[in-house]
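> Residue numbers (the numbering used here), protein chains in the order written: chain A, 1 to 305; chain B, 306 to 671. This structure is in structure tokens; I'll ask about it shortly.
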Amino acid sequence: MGFSVVSLIVSTLRMSIPLLIAGMGAVYASRSGMMAMGVESMMLFGAFGGVFTSYFTGNVLLGFLTGMVCGAAVGLLFGLLTVRFRLNQVIAGVGLNLFMGAITTVLMEVVWKSSGNSPQVASLTQAVRVPLLADIPVVGTIFSSLSINFYIALVLLVITQYVVFHTPFGLRLRMVGENPTAANTLGIPVRGYKYTAMLICGGCAGLAGAYLSLDQLNMFVQEMTAGRGFIVLVMMALGKYTPVGTVLAALLFGFADALQINLQQAFDVPSQLVQMMPYIVTILVLTFGIKHVKGPAGTGKLPEE
Amino acid sequence: MGKPLNKSKLAHSANTAIQSVGALLIALILGAVILLLTGANPLGAYGAILKGSVGSMSAFINTLIQTTPLMFTGLSYLFAAKAGLVNLGMEGQMLCGAMGAAVAGAWDLGLPKFVHLPLAILVGVLAGGLYGLIAGLLKAKFGANEYIVTLMLNYVATLLMSYLANGPLRPEGEINVATAPVLETAQFTKLVKNRGLTAALFIAVTLSVLVHFFLDRTKPGYEIRAVGRGRLASETAGINIARTTMLTMFISGGLAAMAGVSMVLGVNGRYIEGFSPGYGFNGIAVSSLASGNPLMVGVSALIFGALRAGAMVLNMTQRIRPEFADMIQALVVIFVAMPALFQVVKTRAKKPETEPAKTAEKKEAN
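Written out as structure tokens, the structure is:
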């Protein structure tokens with residue numbers, strides 16, 4: 001039977017990984033007062049960049065790095081469009097998302113002469129065996145079947161929690177997000193903080209995208225992020241814009257995703273119907289879960305000069 | 306709008322026109338740069354697009370075929386935007402409309418055409434409208450972010466329609482993932498023999514005039530625009546925000562549904578999975594380029610329809626995907642909305658005495 005608790009937990013954790021990683025990046029962005037509607041496009045370009053480099057070099061690590069750089073580039077672009085050129089954040093997100101969706105398809109044709117997906121490339125195939133952890137009975141089995149990216153996500157969680165809440169940088173970042181005008185008056189370089197936050201956000205989103213294409217799969221597929229970049233934002237709101245809360249919310253989504261995969265394997269239900277589950281969960285969260293959650297007060301605002 | 310000076314109104318529309326044309330030009334130039342970087346010949350590519358869109362009568366018919374659904378989704382996005390709502394769910398609403406029309410169009414009730422066709426259209430429009438209403442309801446009653454809800458609903462609709470077209474609604478022995486063919490009595494009258502250009506185009510043109518009239522001259526239209534200008538103020542003025550929001554999303558969904566209806570009852574003759582190359586999302590660009598003017602949606606859709614028709618021909622001769630058209634559209638969406646881009650022109654046209662114009666510009670940007 002494919003329906004066991006252990007496999008459900010493993011796939012929950014696996015499906016959460018991209019959301020955990022991108023979610024940590026999105027926390028920086030939202031804390032700096034950016035809506036980060038472009039996370040989806042950053043993930044998608046990261047996924048593409050990762051496969052591109054892995055295809056030509058055969059080096060997975062380089063692929064992941066390229067994915068991060070690609071994501072960070074789109075992140076910075078989002079920052080420039082919305083801060084420097086004062087573009088509405090929703091429009092910027094929608095525009096970039098459409099642009100990245102289209103250009104990755106156009107580039108796939110140019111590079112691989114194919115439109116739906118890239119050829120298979122070198123990818124991460126091995127799970128990491130953490131010495132002592134792997135020896136614990138049931139828990140060990142779970143942890144030994146997870147990729148290195150799961151541990152990267154955990155490290156990111158610790159770093160983000162520390163940086164955002166326990167460093168001067170984090171304090172200023174939050175001030176920029178809450179009240180950009182006041183921050184500006186105090187001499188905090190508001191734009192610089194927003195750009196930095198977007199670079200970090202893009203880097204994380206790019207890594208999350210590369211996880212999809214180089215770890216979960218071993219190729220790039222058209223529109224492979226499938227809305228995760230927007231789901232991340234909802235989960236982050238559910239987690240009250242805190243790193244720990246975001247992780248917990250991402251696990252909830254991961255569970256919904258894992259459940260649908262396990263249901264498909266265990267019972268003879270039409271795959272399309274169970275595949276709706278993560279999206280419906282997101283809509284339910286959006287409707288009932290985050291009614292009283294307020295983002296940083298200065299979201300979308302620039303300092304008045 | 307009170308009675309603004311004619312002169313400033315003229316300057317305003319001149320400016321939006323400049324912004325639109327400028328954005329389109331920049332998008333095309335950037336598109337050429339990207340083509341150049343990928344090793345293609347941009348002049349050759351644009352030449353092929355021109356030839357494939359307006360180079361011959363047959364090419365122009367293709368352009369008009371592509372224009373029709375774009376007009377509907379463009380009107381759909383524009384309509385929601387008037388109420389300050391961002392409807393990104395046109396794709397899903399369109400699929401619902403298409404499926405509704407396909408099911409009703411295949412009913413063999415022995416109805417004459419003048420009953421069956423309107424019935425099929427109505428079922429499609431209702432399906433899409435109700436699907437749009439879900440997002441409106443969640444927004445009005447629970448404050449759920451309409452753009453993320455509509456985006457998520459796109460995935461749900463795509464999966465649901467895929468299930469229907471693969472399973473219960475797929476006729477025995479059908480090779481394609483498609484529903485049963487629509488009866489002759491439920492098909493749009495073809496304007497050109499054996500081509501997909503149908504009377505749906507006239508419906509699109511009529512609807513853009515109706516939408517203009519509705520928004521500009523009727524009470525609910527006024528309320529929709531008032532809510533779009535400021536929710537708090539309109540609430541104080543006694544406008545029922547929840548009802549207006551739901552009405553807007555219902556109509557917006559219905560308009561998007563017409564794109565699917567026109568494809569099923571006009572071009573394909575049934576619901577075929579994957580029939581839309583993204584007409585729903587293209588509506589955003591169509592509405593942006595028309596800068597929120599329903600009467601300009603036709604022109605805007607014609608431009609993007611030509612681009613898409615040309616890009617499809619381009620794909621046959623060169624290794625450039627038709628998604629190239631989507632890329633240009635995405636750039637247009639970004640550049641049209643960029644307030645700082647054409648500041649020089651704007652400032653000059655608005656206030657010749659320059660100095661105070663700068664602050665006004667900034668306020669507008671926020």
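Glycine included, C-beta positions come from ideal geometry on N, C-alpha and C.
Just checking my contact of G574 of chain B with Q492 of chain B at CB under 8 Å: how many whole Å lie between their CB atoms?
7 Å
> Could you list the residues in the segment 189 to 222 of chain A with a C-beta less than 7 Å from some C-beta on chain B, going in chain order?
Those residues of the segment 189 to 222 of chain A that come within reach of chain B (Cβ to Cβ, closer than 7 Å) do not exist; the list is empty.
> Using three-state DSSP, classify A322 of chain B as helix, strand or coil.
helix
> Should S118 of chain A be labelled buried (16 or more other beta-carbon atoms within 10 Å of its own) or exposed?
buried
> Is G202 of chain A near L76 of chain A, with beta carbons less than 8 Å apart?
yes
> Spell out a yes or no on whether the segment 602 to 617 of chain B and the segment 357 to 368 of chain B are touching, meaning 3 or more CB-CB pairs, one atom from each, closer than 8 Å.
yes
> According to DSSP, is G577 of chain B helix, strand or coil?
The amino acid occupying residue 577 of chain B in the given sequence is Ile; Gly does not appear at that position. Residue state, collapsed to three classes: strand.
> Could you give the residue range of the alpha helix (DSSP H) that holds M568 of chain B?
According to the DSSP assignment, M568 of chain B belongs to no alpha helix (DSSP H), since it is labelled neither H nor E.
> Identify whether T282 of chain A lies in helix, strand or coil by the three-state DSSP scheme.
Reduced to three states, the DSSP call for T282 of chain A is helix.
> Could you give the uninterrupted runs of the beta strand (DSSP E) lying entirely in the segment 314 to 399 of chain B, keeping only those of 3 residues or more?
none
> Under DSSP, the alpha helix (DSSP H) around W112 of chain A begins and ends at which residues?
Counting along the chain, the alpha helix (DSSP H) containing W112 of chain A begins and ends at 89 to 112.
> In chain B, which residues lie with their C-beta within 7 Å of the C-beta of V94 of chain A?
L393, I589, V638
> With distances taken from CA atoms, which of A:A127, A:I142, A:T105, A:V155 is nearest P243 of chain A?
A:V155
> CB-CB under 8 Å to L19 of chain A, same chain, minus the five flanking residues each way: which ones, in chain order?
A208, R228, I231, V232, M235, A250, F253, G254
> What are the partner residues of A122 of chain A, as DSSP defines its beta bridges?
According to DSSP, A122 of chain A bridges with nothing at all.
> Based on the DSSP secondary-structure assignment, which residues constitute the bridge partners of N117 of chain A?
DSSP lists A:V221 as partners of N117 of chain A.
> What is the rounded straight-line gap between the Cα of A485 of chain B and the Cα of E479 of chain B?
9 Å
> Based on Cα-Cα distance, which residue from A:I290, A:G206, A:Q265, A:M219 lies nearest to Y241 of chain A?
A:I290
> For Y436 of chain B, count neighbouring Cβ atoms within 10 angstroms of its own Cβ and tell me buried if that reaches 16, exposed if not.
buried
> Could you tell me which chain A residues have their CB closer than 7 Å to the CB of P644 of chain B, listed as they occur along the chain?
R86
> So what's A226 of chain A in DSSP terms, helix, strand or just coil?
coil
> Would DSSP call K444 of chain B helix, strand or coil?
helix
> Can you pull the chain B neighbours of Y241 of chain A, defined as C-beta to C-beta under 9 Å?
Near Y241 of chain A there are no residues of chain B at all, since even the closest Cβ is about 15 Å away, more than 9 Å.
> For the segment 592 to 607 of chain B, which residues have a CB atom closer than 7 Å to at least one CB atom of chain A, in sequence order?
none
> DSSP three-state label for K495 of chain B, please.
strand
> Does any residue of chain B have a CB that is nearer than 8 Å to the CB of F48 of chain A?
no
> Cα separation between L347 of chain A and V128 of chain A?
The structure shown does not extend to residue 347 of chain A, since chain A is modelled only from 1 to 305, so the question has no answer here.
> What separation, rounded to the nearest whole angstrom, lies between the Cα atoms of S271 of chain A and S313 of chain B?
57 Å
> Taking C-beta pairs closer than 7 Å, name the residues in chain B that P270 of chain A reaches, listed in chain order.
Y468, G472
> Assign V649 of chain B to one of two classes, buried (16 or more other C-beta atoms within 10 Å of its C-beta) or exposed (fewer than that).
With a pLDDT of only 47 at V649 of chain B, under 50, the local geometry of the prediction cannot be trusted, and no value is derived from it.
> Using DSSP with H/G/I as helix, E/B as strand and the rest coil, what is T242 of chain A?
coil
> DSSP three-state label for T549 of chain B, please.
helix
> Shortest alpha-carbon distance to N149 of chain A belongs to which of A:Y195, A:G71, A:D215, A:P278?
A:D215
> For M235 of chain A, would you say it is in contact with chain B, using Cβ-to-Cβ distances shorter than 8 Å as the test?
no
> Should the segment 38 to 49 of chain A be called in touch with the segment 66 to 75 of chain A, which here means at least 3 C-beta pairs below 8 Å?
yes
> Using DSSP with H/G/I as helix, E/B as strand and the rest coil, what is A297 of chain A?
A297 of chain A sits in coil when the DSSP states are folded into three classes, being neither helix nor strand.
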